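To start, the structure itself, in structure tokens.
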Amino acid sequence: MTVESAIRVDETRPGPVSAVTLHVCVTCGRSDGEAETRGARLHAAASGAVAAAGDEGWLAVRPVECLSVCKRPTTVALAAPGKWTYVYGDIDPAEDLADLIEAARRYAGAPDGIVPWRERPARIRGRAVARIPPLPAPDGARP
Ligand code: FES
């Protein structure tokens, strides 16, 4: 399967209900002799997939330098206002991209960001490193 064929998002799935940011660690997976890191490749592929699918309105792909999970490249985080943030490791830029974007879609559709384990895409399911609770709203109310 090529990267181009792996990045297609199923347009028949229910749409997201809120904007999500996919943070991609672009310093992950640096190898001697390679021009770019695994993280940089994943960021480029994810950005391209989102643009190709016209998903920029709900999913932003942002580069970040180190999420402090350096032993499990490539590391990413899904975040959105009022939702739990999920950090995932061991993401393969070529093999896991389609499931990563599907995970973002399901995360977007979950009001609190919590997607039950069984409902996470198969290649993402066992790769959660951490989840971080949402910040309280400015008025002090819990999301
Ligand atoms: S270099 Fe990617 S998490 Fe540290």
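Every letter in the sequence shown is one number past the one before it in this note's numbering, and letter 24, counting from 1, is 14. We treat Cβ as the ideally placed atom computed from N, Cα and C, and that holds for glycine. Since this is a predicted model, take the numbers as computed values, not measurements.
Residue(s) in a DSSP beta bridge with residue i
| i | result |
| --- | --- |
| residue 121 | 76 |
| residue 62 | For residue 62, which the question treats as bridged, DSSP gives no partner whatsoever. |
| residue 13 | 52, 67 |
Own chain partners of residue i with C-beta closer than 7 Å, once the 5 adjacent residues on each side are dropped
| i | result |
| --- | --- |
| residue 136 | This structure leaves residue 136 out entirely; the chain is present only between -9 and 133. |
| residue 124 | 72, 73, 74, 133 |
| residue 129 | none |
| residue 79 | 59, 62, 65, 117, 119 |
| residue 48 | 6, 9, 10, 98 |
Nonlocal neighbours in the same chain, by C-beta distance under 6 Å from residue i, ignoring five residues either side
| i | result |
| --- | --- |
| residue 92 | 111 |
| residue -1 | Residue placement at residue -1 is poorly supported in this model, since its pLDDT is 36, which falls under 50; the coordinates still yield a value, given next. Answer for residue -1: 43, 91, listed in chain order. |
| residue 54 | 13, 15 |
| residue 101 | none |
| residue 20 | 27 |
| residue 23 | none |
Option nearest residue i by Cα separation, candidates the options
| i | options | result |
| --- | --- | --- |
| residue 121 | 129, 61, 103, 49 | 103 |
| residue 29 | 56, 10, 50 | 56 |
| residue 97 | 58, 119, 117, 69 | 69 |
| residue 46 | 115, 118, 10, 117 | 10 |
| residue 27 | 64, 76, 48, 59 | 64 |
| residue 52 | 80, 61, 17, 21 | 17 |
| residue 83 | 23, 41, 114 | 114 |
| residue 143 | 41, 81, 76 | The question about residue 143 has no answer, for the chain in this structure spans -9 to 133. |
Beta-carbon proximity list for residue i, same chain, < 8 Å, skipping 5 on both sides
| i | result |
| --- | --- |
| residue 109 | 96 |
Heavy atoms of ligand 1 versus C-beta positions, residues under 5 Å: Residues with a Cβ closer than 5 Å to any heavy atom of ligand 1, in chain order: 15, 17, 18, 56, 57, 59, 60, 65.
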